[in-house]
Amino acid sequence: MLTLICIMQSLFGMGHKTYYDVMGAAAYAGVSRPAIDYWIRKGVKDVNGKKIWLPARIVDGETQINEIDFELYLDALGYQDEESGEDESNDSEP
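Put into C-alpha cells, the structure is as follows:
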C-alpha cells in the first residue's frame with residue numbers, strides 16, 4: 043500500500059512523498075498500533091513537556107502519516123533508531 047501511494051502521487055504530479063500507515067509507523071517506531079492511534083488523537087508530551095500530536099491524514103478510510111512529519115515527531119519525543127544508538131555506544135569505546 044505504501045508503494046501504491048508513492049506511485050499515485052508521482053503520477054498525479056504531486057511530487058514524491060512517503061506515507062506510513064498506522065501499522066508501518068508502529069513497526070518503524072517499535073511501538074504498538076494503539077500507541078500510534080493515541081499519539082494522533084490525544085497527543086503526548088515532548089521532551090520539553092509541551093503536548094504534541096502526531097500529524098496524520100485520512101484518505102479513503104486509511105490513516106496516512108507523512109514520513110518527514112513522523113521523523114520530526116519521533117525526534118521531539120526523544121526517540122533514536124536502534125542503529126544510531128548502537129553507533130553511539132561503539133563510538134564511546136576506546
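Residue numbering for the sequence shown follows this note's numbering, beginning at 43 and increasing consecutively.
Don't be surprised by glycine CBs; every beta carbon is placed ideally from N, CA and C.
Sub-8 Å separation of residue 115 and residue 94 beta-carbons: yes
Contact belief for residue 110 with residue 67 at Cβ below 8 Å, rounded distance in angstroms: Contact doesn't hold; Cβ gap of about 13 Å is too wide.
Neighbourhood of residue 75 by C-beta distance below 7 Å, restricted to the same chain and skipping five residues each side: 64, 65 and 68
Residue 62 (DSSP reduced to helix, strand or coil): strand
Residue 89 vs residue 71 beta-carbon contact at 8 Å: no
Backbone CA spacing between residue 73 and residue 121 [nearest angstrom]: 11 Å
Burial state of residue 45 (16 or more Cβ within 10 Å): At residue 45, the pLDDT of 47 sits below 50, so the modelled position is not reliable; the number obtained from the coordinates is stated separately. Its Cβ having fewer than 16 others within 10 Å, residue 45 is exposed.
Sheet register partners of residue 122 (DSSP bridge): Its beta-bridge partners do not exist; DSSP assigns none.
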